[in-house]
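2 protein chains.
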Amino acid sequence: MYAAGDVRVIDVPEPELIEPTDALVRITHSCICGSDLHPYHSLPDTPDGQSMGHEALGMVADVGEGVSSLQAGDFVIVPFAISCGHCEFCRAGLHTSCSNGGFWNDARIGTGGLQAQAARVPLADGTLVKVPGVDPDSADQGLLASLLTLSDVYGTGWHAAATAGVRAGDTVAVIGDGAVGLLAVLSAKQLGAERVVLMGRHRDRTDLGRDFGATDVVENRGKEGIAEVRDLTQGGAIRVLEAVGHLPAYEQALGVVRPGGVISRVGVPQYREGPIGWSLFGKNATLTGGPAPVRAYIEHLLPAVLDGTVQPGRVFDRTIGIEEVPAGYEAMDKREALKVMVRP
Amino acid sequence: MYAAGDVRVIDVPEPELIEPTDALVRITHSCICGSDLHPYHSLPDTPDGQSMGHEALGMVADVGEGVSSLQAGDFVIVPFAISCGHCEFCRAGLHTSCSNGGFWNDARIGTGGLQAQAARVPLADGTLVKVPGVDPDSADQGLLASLLTLSDVYGTGWHAAATAGVRAGDTVAVIGDGAVGLLAVLSAKQLGAERVVLMGRHRDRTDLGRDFGATDVVENRGKEGIAEVRDLTQGGAIRVLEAVGHLPAYEQALGVVRPGGVISRVGVPQYREGPIGWSLFGKNATLTGGPAPVRAYIEHLLPAVLDGTVQPGRVFDRTIGIEEVPAGYEAMDKREALKVMVRP
């Protein structure tokens, strides 16, 4: 990406093993994230370009001599954060704060983006999750799509619901009908939510949200939307999952949260400051969430994906080749596609 | 209070029973709160004046016919919020969000302030807590002072520690060396905190903080203070209790909270907006707290107060009569007194 709206597919040098703890992964599946649309709207001119993408499945092609749990030929999930697996934060399940890790397309640790054909994966033992028994060439496409969501959007939706403390019988409001919002609906339902109010205005998406467990859909936003949710929930939802990242979505969350309730944000905030005075404090509401440590959730979420109990991969509604990535961004930006899979 | 800095003692009509659920209380002990200093600094000209005070002990003088648990002659703690005790929020321990309650000096429910000789207490069964076996005329002055803290500052410090989730072995930072901050130190210690770093610059107060259990004191503020706490705690405190209410105190909290940690605010925010973008989100920090439902904590905290295990009343360092209340505000504002008790 060279500027807002300017995505190009270029040839770059093949990644190579650098550290003994690295793996090289041939990417079989990647995708475009709602969070990729933030720079797609706002990236200043960047003459050297910015490598994009942070969600992938792939085959391990080679490993450094310090890698002990993986070998060439393993099929792996590549989470959106790189993590060592053994520092204080990884042990606490907060892999996105790993003391030794980082993110994709980070010059400091020499990573590229995952909308690519191959990647160098630092700290491979800690970062990658092997999926035994699945061959990407022959496996069911729906299963592969669902596995791909474990690299980010499903784990992120789960993080929203889990950090909000969703439990049996809860009333939950989910703000945003993008892939993360819809998977926050699914996650809330898995955690036992009785009532899930989805705030979104794209009928095809909210219909999928109903399939995932939403009991109510509110199309209105702003004051009207808040009033509608408060009315539906007799005074507000005890858990509010904010899956957008723009300030109005946070303000929406603040409006619909019940006294003593929790707002969990997983959309990357596109703002620095927001209302946290009496509006949040007065009702003893809690604001939590952050970049999802999806690595912490994969083993927990994997069985229901593998046995088909849940099908988070239904958020993908378009598949493209790597050359079509610029068109993929455009389709997601225009809301013509919910989430675009890339087969490099 | 008629304007910032303008506090007057005036005669007002005796309060009377209005609702059958009311009690009349003759106030034996009241006090001035750090939060009273906020309007003392900022109240616009208010020709009719604003009745002040929200913490008291007193003797029940009369009760309405709907009051079942109290009678004339009972010695009671008067919490800073009025609560019914049976609505959804009171049952959840969130008495400050009571569906039927309110606060002192609230025209909507006809309450005055408690820096007064008597008060009409609505919803007396839900609001007041009887203290059997204590006679305010003969009881130990230290015990009475400690009981008075249960009406607000001790319960508020406890709320900070409890909502932050302080547990055995934790490292806790407390921001502010006012009465609430010092009692947040005491509360954190009671909840098992191993290390308690108190941020404050008034030596007599921080010395009391050390008596209450602070293991470290940091006098610096701003970047230097943050660096010092992060250094002392190897990267930040997992629980941060913010007991001031000004924006720099929140920013301080944001600076010292460890990734995955919790900031609990109990100082009433004197700001509407604050930094909650990547600065809070990026480290998956949680922001919680609010007006303390002290009513929910009194029974739990009372035994250790009655048997002298804890002496939260040590925060009082001056006692005055009702005519001296204006001077009491001035003394607290000038930091000549930590907390002023009023004997009406």
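First to last, the protein sequences are chains Z and V.
The opening residue of the first sequence carries number 1 in our numbering; numbering runs sequentially from there.
The opening residue of the second sequence carries number 1001 in our numbering; numbering runs sequentially from there.
We put the CB at the ideal spot given by N, CA and C, even for glycine.
Query, Result
"Assign S138 (chain Z) to one of two classes, buried (16 or more other C-beta atoms within 10 Å of its C-beta) or exposed (fewer than that).", "exposed"
"Pull the bridge partners of P1275 (chain V) from the DSSP assignment, please.", "Z:E273"
"Using three-state DSSP, classify P259 (chain Z) as helix, strand or coil.", "strand"
"Report the three-state DSSP secondary structure of P87 (chain Z) (helix, strand or coil).", "Checking the displayed sequence, the identity of residue 87 (chain Z) turns out to be Cys instead of Pro. Three-state DSSP puts C87 (chain Z) in coil, outside helix and strand."
"Compare the C-alpha of I1276 (chain V) against each of Z:N284, Z:K283, Z:G290, Z:G282 and name the closest.", "Z:G290"
"Give the C-beta separation of Y154 (chain Z) and L302 (chain Z) to the nearest angstrom, bearing in mind that I take them to be a contact with Cβ-Cβ under 8 Å.", "About 10 Å separates the two Cβ atoms, so there is no contact after all."
"CB-CB under 7 Å to P20 (chain Z), same chain, minus the five flanking residues each way: which ones, in chain order?", "G64, E65, G66"
"Report yes or no: do the stretch 1168-1181 of chain V and the stretch 1243-1256 of chain V share at least 3 C-beta pairs separated by less than 8 Å?", "yes"
"Taking the alpha-carbon positions, what's the G1181 (chain V) to T1206 (chain V) distance?", "10 Å"
"In angstroms with no decimal places, state the Cα-to-Cα distance between L1338 (chain V) and R258 (chain Z).", "35 Å"
"Name, please, each residue of chain V whose Cβ falls closer than 8 Å to the Cβ of S97 (chain Z).", "P1259, G1260, K1283, N1284"
"How would you list, in chain order, the residues of chain V whose beta-carbon sits under 8 Å from the beta-carbon of P291 (chain Z)?", "F1281, G1282, N1284"
"From the DSSP output, in three-state form, read off A1081 (chain V) for me.", "strand"
"Under a three-way DSSP split, which group does R1195 (chain V) fall into?", "strand"
"Specify, as a first and last residue, the run of the alpha helix (DSSP H) that R1155 (chain V) falls within.", "Note that residue 1155 (chain V) corresponds to Gly in the displayed sequence, not to Arg. Where G1155 (chain V) is concerned, the enclosing alpha helix (DSSP H) stretches over 1153-1163."
"Would you list the residues sitting across from R120 (chain Z) in a DSSP beta bridge?", "Z:L24"
"By alpha-carbon positions, which one of Z:I226, Z:Q234, Z:K223, Z:L241 ends up nearest to A214 (chain Z)?", "Z:L241"
"The stretch 323-337 of chain Z: which residues have C-beta closer than 8 Å to a C-beta of chain V, in chain order?", "none"
"Excluding the 5 residues flanking R1318 (chain V) on each side, which residues of the same chain have their C-beta closer than 6 Å to its C-beta?", "A1337, V1340"
"Among residues of its own chain, excluding the 5 on either side of I109 (chain Z), which ones have a beta-carbon nearer than 6 Å to its beta-carbon?", "G102, P122"
"Kindly indicate if chain Z contains any beta-carbon less than 8 Å away from that of I1226 (chain V).", "no"
"Residues of chain V with a CB under 9 Å from the CB of T288 (chain Z): which are they?", "V1262, N1284, A1285, T1286, L1287, T1288"
"Could you tell me the distance, in whole angstroms, from the CA atom of R272 (chain Z) to the CA atom of F1281 (chain V)?", "10 Å"
"Please give me, in chain order, every unbroken run of the beta strand (DSSP E) with length at least 3 that falls completely inside the stretch 31-74 of chain Z.", "56-63"
"For the stretch 124-137 of chain Z, which residues have a beta carbon sitting closer than 8 Å to at least one beta carbon of chain V?", "none"
"Quick one, which residues of the stretch 1068-1098 of chain V are near chain Z if we go by CB-CB under 8 Å, in chain order?", "F1089, A1092, L1094, T1096, S1097"
"Measure the beta-carbon distance from I1298 (chain V) to V1185 (chain V) and round it to whole angstroms, keeping in mind my assumption that it falls under 8 Å.", "Their Cβ separation, rounded to whole angstroms, is 20 Å, which puts I1298 (chain V) and V1185 (chain V) out of contact at 8 Å."
"Any C-beta of chain V sitting closer than 8 Å to the C-beta of R2 (chain Z)?", "Reading the sequence as shown, one finds Tyr at residue 2 (chain Z) and not Arg. Not one chain V Cβ lies under 8 Å of Y2 (chain Z)."
"How about V34 (chain Z) and T149 (chain Z): are their beta carbons less than 8 Å apart?", "A quick correction: the sequence has Gly, not Val, at residue 34 (chain Z). No, Cβ-Cβ distance for G34 (chain Z) and T149 (chain Z) is not below 8 Å."
"For D1212 (chain V), write down the residues that DSSP places opposite it in a beta bridge.", "Inspection of the sequence shows that residue 1212 (chain V) is occupied by Phe rather than by Asp. F1212 (chain V) is not bridged to any residue."
"Quick one: is H1086 (chain V) buried, meaning 16 or more other Cβ sit within 10 Å of its Cβ, or exposed?", "exposed"
"Using the C-alpha atoms, what's the distance from Q1270 (chain V) back to A162 (chain Z)?", "31 Å"
"For R1195 (chain V), which residues in chain Z fall below 9 Å Cβ to Cβ?", "Going along chain Z, no residue has its Cβ under 9 Å from R1195 (chain V), so there is no contact; the nearest lies around 16 Å."
"Count the other C-beta atoms from every protein chain shown that fall within 10 angstroms of the C-beta of Q141 (chain Z), then say buried if there are 16 or more, exposed otherwise.", "exposed"
"Helix, strand or coil for A1092 (chain V) per DSSP?", "coil"
"Have a look at L1037 (chain V) and M1052 (chain V) and give me their C-alpha separation to the nearest angstrom.", "11 Å"
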